[in-house]
Each structure stands twice: as structure tokens, then as C-alpha cells.
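Asker:
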Amino acid sequence: SFLNSTLAHWKNVPLLKCFRMHAIQVDSVQRWMEDLRHMTEVECMCVLQSKPIGVDEDAPGELIVSGAGAIGEHVTRDNLQTLLKRALVVSTELGKMFQRLEKGRWQRVHSTAIRVNCHVRSLIQEYSTARNAPPEMQKYEKSLLEKCMELNVITERCLHTEDEYFLKSMKEAIHEILTDVSDSFSHMIDMALANEIQILICQIEDSDNVFAISTAISNLLSLTQDGPQLCSIIAKEGAVVALLKICRQDCFSTLYAQALRTVASICCVEEGISQLEKVDGILFLADILTDSTCAEGTRAEAAAVMAQITSPHHTSTQHLASFLESMQDIVTALINLCKTASCGEVFLLASAALANITFFDSMACEILLQLNAVHILLQACRDRQRVDTPYSKDQVVTILANLSVLEQCTADVLEEKGMQLLVLLNEKPTSSSPSESAACERVQQKAAVTLARLSRDPLVAQTAIQLKAVLRLIELCRSPGERNNSDSVLVACLAALRRLAAECPESIGPNDHQQLIKPRLVDSFLLCSNMEESFV
Numbered sequence: 001s002f003l004n005s006t007l008a009h010w011k012n013v014p015l016l017k018c019f020r021m022h023a024i025q026v027d028s029v030q031r032w033m034e035d036l037r038h039m040t041e042v043e044c045m046c047v048l049q050s051k052p053i054g055v056d057e058d059a060p061g062e063l064i065v066s067g068a069g070a071i072g073e074h075v076t077r078d079n080l081q082t083l084l085k086r087a088l089v090v091s092t093e094l095g096k097m098f099q100r101l102e103k104g105r106w107q108r109v110h111s112t113a114i115r116v117n118c119h120v121r122s123l124i125q126e127y128s129t130a131r132n133a134p135p136e137m138q139k140y141e142k143s144l145l146e147k148c149m150e151l152n153v154i155t156e157r158c159l160h161t162e163d164e165y166f167l168k169s170m171k172e173a174i175h176e177i178l179t180d181v182s183d184s185f186s187h188m189i190d191m192a193l194a195n196e197i198q199i200l201i202c203q204i205e206d207s208d209n210v211f212a213i214s215t216a217i218s219n220l221l222s223l224t225q226d227g228p229q230l231c232s233i234i235a236k237e238g239a240v241v242a243l244l245k246i247c248r249q250d251c252f253s254t255l256y257a258q259a260l261r262t263v264a265s266i267c268c269v270e271e272g273i274s275q276l277e278k279v280d281g282i283l284f285l286a287d288i289l290t291d292s293t294c295a296e297g298t299r300a301e302a303a304a305v306m307a308q309i310t311s312p313h314h315t316s317t318q319h320l321a322s323f324l325e326s327m328q329d330i331v332t333a334l335i336n337l338c339k340t341a342s343c344g345e346v347f348l349l350a351s352a353a354l355a356n357i358t359f360f361d362s363m364a365c366e367i368l369l370q371l372n373a374v375h376i377l378l379q380a381c382r383d384r385q386r387v388d389t390p391y392s393k394d395q396v397v398t399i400l401a402n403l404s405v406l407e408q409c410t411a412d413v414l415e416e417k418g419m420q421l422l423v424l425l426n427e428k429p430t431s432s433s434p435s436e437s438a439a440c441e442r443v444q445q446k447a448a449v450t451l452a453r454l455s456r457d458p459l460v461a462q463t464a465i466q467l468k469a470v471l472r473l474i475e476l477c478r479s480p481g482e483r484n485n486s487d488s489v490l491v492a493c494l495a496a497l498r499r500l501a502a503e504c505p506e507s508i509g510p511n512d513h514q515q516l517i518k519p520r521l522v523d524s525f526l527l528c529s530n531m532e533e534s535f536v
């Protein structure tokens with residue numbers, strides 16, 4: 001439901017979105033003033049809740065708190081943003097009410113009930129002014145207002161008694177009503193959001209004006225950033241189908257990249273992937289990727305959709321059946337895009353798709369080796385224009401880790417002097433960004449995994465030892481700060497170290513052998529994970 005996910009989904013960042021994260025700094029006073037527009041003074045609202053501000057019958061409908069003008073693309077966007085902000089306010093108040101009810105703070109429970117009633121009434125009244133609410137939504141509105149009023153009455157009764165038995169029975173009754181209010185509010189908001197999204201989709205489907213369609217797509221893309229709940233609603237309303245129709249019309253070629261980027265964002269949820277599959281979207285994406293006449297930006301966004309739908313985070317894999325039909329063409333197109341990428345973002349999107357694909361089908365790994373993928377990827381790592389962030393390195397080392405299970409990969413890595421890249425396990429973040437730190441950890445972990453797999457070959461093990469891989473692995477094991485206190489990096493480094501020790505026992509000192517090699521892996525792990533760095 002909307003209420004249960006509203007607070008959580010603001011933090012939720014789907015796979016590709018984190019690649020495009022940018023720090024947004026907003027002045028605190030400016031933010032407060034924006035939020036203030038969506039708050040109301042309780043005492044004033046109690047007086048005015050049944051006295052709507054008059055609206056000129058000849059004037060176009062508008063949402064009062066949004067200050068929007070005539071109904072159009074920007075009004076729809078404003079209505080949606082206003083709905084989300086007001087819904088968040090109500091959701092927050094309901095959450096507070098649940099907490100205060102559990103603690104028996106009756107005065108605060110009642111004041112919160114009044115605020116909830118005022119906010120809900122205001123939201124319904126303002127939205128009804130801007131739109132003709134669907135009949136089913138009107139039913140929820142009426143029921144919700146009645147329950148909010150019931151909450152006011154029953155919480156007020158609890159203020160005038162100290163009878164513990166009565167208060168206990170009232171607490172249960174209030175909790176039940178509050179749950180009903182939450183559910184009704186959630187359904188009502190979902191319907192309102194769906195109604196607004198339908199308007200945007202109609203603008204995409206019915207307009208022949210490139211600017212109008214671009215604005216509507218931009219608004220949809222903006223909404224997808226607000227979490228999976230909205231992405232589900234957008235998908236169910238048919239946005240994927242409408243966007244792919246745009247991509248199939250030559251007259252809208254300038255909108256292809258924008259439309260595909262929006263499809264990628266929507267496909268962070270199963271409903272989006274299901275809609276894509278119903279219109280043969282995967283085969284269509286394969287056509288775009290293999291069409292050398294398509295602009296690089298369009299092919300990059302098609303790769304972004306591929307990366308999204310092949311993400312290991314998805315539980316359903318039914319949609320991959322049609323993907324397997326075009327596996328050879330898709331993998332070939334993606335590795336070629338990595339080879340010719342003009343910038344870091346294009347390389348990132350293409351390599352992310354390849355990384356995901358290598359997880360679920362070994363045939364993809366065989367195809368990549370036939371296409372000389374190791375050479376292409378290692379060359380890219382030496383090109384700062386293409387591989388310029390830990391996120392890109394994460395994709396490269398993921399692909400290499402998955403390729404390293406095949407024997408041919410060993411020869412390719414040695415031929416391309418790839419061991420130098422793998423033994424440099426010192427990837428560190430350049431900022432305080434948690435996502436960048438996590439990416440650096442993944443690079444270290446997967447590089448160690450790849451090193452361990454390739455070191456089955458004595459020649460690889462000898463090369464790694466000559467490049468001082470053992471010293472770096474020991475440092476990562478013994479110094480938590482070097483691995484950002486990551487347990488996964490520690491396990492991978494211990495495994496790689498033991499593999500090298502098995503091939504060349506003399507490369508490990510007696511003390512390190514006693515603590516890191518000789519004990520069981522779990523004992524060495526516990527020893528290293530409990531080590532504290534000295535700051536003397």
C-alpha cells in the first residue's frame with residue numbers, strides 16, 4: 001500500500017539510478033518555505049474546513065496549494081508533486097499517531113487526530129477542485145472523512161477519563177480505526193496518482209507535438225525517481241507501451257533516448273518488465289542495439305533497459321525467455337558499444353548490462369570470450385575517458401570474475417597483462433559518498449575472487465606473486481580500514497591468499513601462514529575481523 005511504502009520509497013534507489021546520482025544541495029530555508037505551502041495551521045483549518053475558497057466558474061480548475069495555472073503538462077506535474085508531498089505529511093502524522101497511541105499519550109493522540117482530519121479534508125477538497133475525481137475514488141473519500149471524524153470523537157472521549165480499563169479498550173478500538181484510515185487513505189492516494197499519470201500518458205499518446213510529448217515524458221521520468229510504488233502505478237497505467245510506441249515512430253527520433261531512459265526506470269519493478277514483454281520489447285531493444293545507424297545515446301539507453309531487466313535483484317525470470325533468443329546479437333552489440341563508447345556513462349550502461357547477463361547464462365560468457373571481450377575491457381580500463389569511476393570498474397571486474405570460470409579466460413588475461421589490474425586491489429573512494437564506498441568494496445572483492453579463480457593456473461599464480469599480490473592481500477586481511485571494514489572483501493582476500501599459498505607456499509611468511517593459511521577459513525576470518533587498527 002502507499003502508506004506502508006511512502007516513507008521507505010524515498011530512500012529506495014533502483015540499480016541504474018545510483019549510477020546517475022548527483023548531490024543536490026538545497027538551502028534549508030528555501031526547503032522549509034516549500035514544505036510550508038503544504039502544511040496548515042490546525043486551529044484555522046478547524047474553522048475553515050467546511051468553507052472552501054470560492055473559485056470563478058469560468059476559470060480553469062486548479063489545485064489551490066500548488067498555485068498552478070491552466071490544466072496542462074506543468075499542472076499535471078504540480079498536481080502529482082503536491083499529492084506526493086501532502087500524502088507524505090498525512091502518512092507522517094498517522095505514523096506519529098500509532099506511536100503515541102502505543103505510549104498512551106492521549107492529549108497528543110487527540111491533537112494528532114485533529115491534524116490528520118484537517119490535512120485529509122484539505123487534500124480531498126483541493127484535489128476535487130482541480131479534477132473530477134472518479135466515482136470509486138469519491139467512495140473512498142467519503143469513507144475516509146467519516147473515519148477521520150470518528151477518530152476525533154473517540155480520542156476526545158479518552159481525554160476526560162482516567163479509567164484504565166476503559167482506556168485499554170479504547171486503545172484497541174482506536175488502533176483498528178486508525179488502520180482503516182491508513183488503508184483507505186492509501187487506496188485513495190493510489191487512485192489519485194493513477195488518475196494524474198493517465199493524463200500524462202494520454203498526452204504522450206495523443207499529441208503530435210514533440211515539445212509537449214517531451215515534457216510529458218520528462219514528468220514521468222521525474223516521478224519514477226520517487227520510488228518503486230510510483231513505478232508500479234506508472235507501469236500498470238500503460239506507460240511502457242506508450243513510450244515504446246514513441247520509439248517506433250521515425251518522426252520522434254529525437255525522443256528515443258529520453259523515452260528509453262524512462263522505460264529503464266519503470267522496469268525497476270516487475271510490472272514494468274511484464275509490460276515490456278507483452279509488446280515484444282526485448283526484441284525491439286535488440287533491434288536498436290544492433291542498428292549501427294542509431295545514435296549512441298539511444299543505444300546506450302537501450303543498454304540501460306537491458307541492464308535493468310537482467311538485474312539479479314528481480315525474482316521473476318520468465319521475461320528472459322525471449323532474451324535468450326537474441327542472446328548472440330545482444331551480447332555482440334553490447335561489447336561493441338563498450339569498445340566504441342565516447343564517454344564514461346555510455347561504457348557504464350553497456351558494461352552493466354553485460355555484467356548482469358554473465359550472471360544468468362554461461363553461454364554469454366563463451367560468446368564474450370569469442371568476441372575478445374577481455375582485450376576490449378582491459379583496454380577500456382586504461383582509458384580514463386571510458387572507465388572513470390569505481391562504478392565502471394565494478395562492472396568490468398564483475399564480468400572478468402564471471403569469465404574466469406572458463407579456462408580460455410586465463411590465457412586472455414595473461415596475454416593482455418590483465419594481472420596488473422587485478423592485483424591492484426587498492427581501489428578507494430574519492431568522496432564520502434556511501435554508494436562510491438560500496439562500489440570500491442565490490443571492486444576489491446571481485447578482483448580478489450577473479451585472482452583466486454585464475455590462480456588455479458601455476459603461471460598466473462607466479463605472475464601474481466611477482467606483482468606483490470600476496471603483500472596486498474595480507475594488508476587487506478589485517479587492516480580493516482584498507483577494506484573499509486568489509487567482511488565480504490576479507491573472505492575473498494583470504495580465499496585468494498590460500499589459493500596462492502597452495503601454488504607457492506614459500507611466498508607466505510611463517511607468522512602469516514600460522515594465522516591466515518593454517519587455521520580453518522572461519523577461524524582466520526574471525527581473527528582478522530576482530531583486529532583493531534592502531535592509531536599510535
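Per the UniProt record's numbering, residue 1 is the first one in the sequence shown, and the count goes up by one each step. Each residue gets a CB set at the ideal place from its N, CA and C atoms; glycine is no exception.
List, from N- to C-terminal side, the alpha helix (DSSP H) runs of 4 residues or more that fit wholly inside the stretch 401-476.
Answerer: 407-415, 419-423, 434-454, 458-466
Asker: Which same chain residues, not among the five before or five after ALA173, have their C-beta less than 7 Å away from its C-beta?
Answerer: ILE154
Asker: According to the neighbour-count rule (16 or more other Cβ atoms, all chains shown, within 10 Å of its Cβ), is PRO52 buried or exposed?
Answerer: Any reading at PRO52 must be qualified, since the residue scores a pLDDT of 41, below 50, and its modelled position is unreliable; the value itself is stated next. When all chains shown are included, PRO52 counts as exposed.
Asker: Could you tell me the alpha carbon to alpha carbon distance between ALA452 and LEU497, rounded to whole angstroms?
Answerer: 8 Å
Asker: When the distance is taken between beta carbons, is PRO390 closer than 8 Å to GLU345?
Answerer: no
Asker: Leaving out the 5 sequence neighbours to the left and right, which residues in its chain are closer than 6 Å to LYS17 when beta-carbon positions are compared?
Answerer: With a pLDDT of only 47 at LYS17, under 50, the local geometry of the prediction cannot be trusted, and the value read off the model is given with reservation. Cβ within range, chain order: n/a, list empty.
Asker: What does the alpha-carbon distance come out to for the pair LEU422 and THR290?
Answerer: 31 Å
Asker: If you run the structure through DSSP and keep just helix, strand and coil, what is LYS236?
Answerer: helix
Asker: How far does the alpha helix (DSSP H) with CYS294 in it extend, from its first residue to its last?
Answerer: Run containing CYS294: none; DSSP gives neither H nor E here.
Asker: In the stretch 127-181, which residue ranges form an unbroken alpha helix (DSSP H) of at least 4 residues, counting only runs that do not cross its ends?
Answerer: Residue ranges of uninterrupted alpha helix (DSSP H) with 4 or more members, entirely inside the stretch 127-181 and ordered along the chain, are 135-157.
Asker: Taking just the CA atoms, how far does ALA501 sit from LYS468?
Answerer: 13 Å
Asker: What residue from LEU459, PRO434, SER433 has the CA that sits closest to residue 538's CA?
Answerer: Outside the shown range of the chain (1 to 536) lies residue 538, about which nothing can therefore be said.
Asker: Looking at ILE177: is its Cβ nearer than 8 Å to the Cβ of LYS139?
Answerer: no
Asker: Mind the definition here: the stretch 353-368 touches the stretch 324-332 only if three or more C-beta pairs lie below 8 Å; say whether that holds.
Answerer: Two segments are said to touch when three or more pairs of C-beta atoms, one from each, lie closer than 8 Å; by this definition the stretch 353-368 touches the stretch 324-332.
Asker: What ranges does the alpha helix (DSSP H) occupy inside the stretch 89-130, keeping only unbroken runs of at least 4 residues that lie completely in it?
Answerer: 106-130, all fully within the stretch 89-130.
Asker: Can you tell which of LYS393, LEU337, ALA242 has its C-alpha closest to the C-alpha of ALA216?
Answerer: ALA242
Asker: Evaluate the contact criterion for the stretch 119-136 versus the stretch 156-174: three or more CB pairs, one atom per stretch, below 8 Å.
Answerer: Touching, no.
Asker: Hey, out of ALA259, ALA321, LEU471, VAL374, whose CA is closest to ASN336's CA?
Answerer: For the set ALA259, ALA321, LEU471, VAL374, the Cα lying nearest the Cα of ASN336 is the one of VAL374.
Asker: How long is the line joining the alpha carbons of PRO519 and ALA495, rounded to whole angstroms?
Answerer: Approximately 12 Å, taken between the alpha carbons.
Asker: Does the pairing of the stretch 90-99 with the stretch 202-209 give three or more beta-carbon distances under 8 Å?
Answerer: no
Asker: Since THR224 is in the alpha helix (DSSP H), which residue starts that stretch and which ends it?
Answerer: 210-224
Asker: Do ALA264 and ALA295 have their C-beta atoms closer together than 8 Å?
Answerer: no
Asker: State buried or exposed for LEU516, treating a residue as buried only when at least 16 other CB atoms are found within 10 Å of its CB.
Answerer: buried
Asker: Quick one: Cα of ARG210 to Cα of VAL413, how far?
Answerer: It is worth fixing the name first, because residue 210 is Val in this sequence and not Arg. If I take the Cα positions, the gap works out to 48 Å.
Asker: Could you spell out where the alpha helix (DSSP H) holding CYS493 opens and where it closes?
Answerer: 487-503
Asker: Look at the alpha carbon of VAL240 and the alpha carbon of ILE309, and state the distance between them as a whole number of angstroms.
Answerer: 13 Å
Asker: Rounding to the nearest angstrom, what Cα-Cα distance links ARG442 and ARG386 in this structure?
Answerer: Roughly 19 Å separates the two Cα atoms.
Asker: Output the distance between the C-alpha atoms of LYS85 and CYS493, rounded to the nearest integer angstrom.
Answerer: 46 Å
Asker: Determine the direct distance from the alpha carbon of ASN132 to that of GLU141, and round the result to whole angstroms.
Answerer: 13 Å
Asker: Which of helix, strand or coil does DSSP assign to LEU369?
Answerer: DSSP places LEU369 in helix when its eight states are reduced to three.
Asker: When the Cα atoms are used, what is the spatial distance from SER232 to HIS313?
Answerer: 16 Å
Asker: Are there 16 or more other CB atoms within 10 angstroms of the CB of HIS187, so buried, or fewer, so exposed?
Answerer: Buried.
Asker: With 16 other CB atoms within 10 Å as the buried threshold, where does GLY418 fall?
Answerer: buried
Asker: Give the C-beta separation of ALA401 and THR340 to the nearest angstrom, bearing in mind that I take them to be a contact with Cβ-Cβ under 8 Å.
Answerer: Not quite, the Cβ-Cβ distance comes to about 24 Å (not below 8 Å), so this is no contact.
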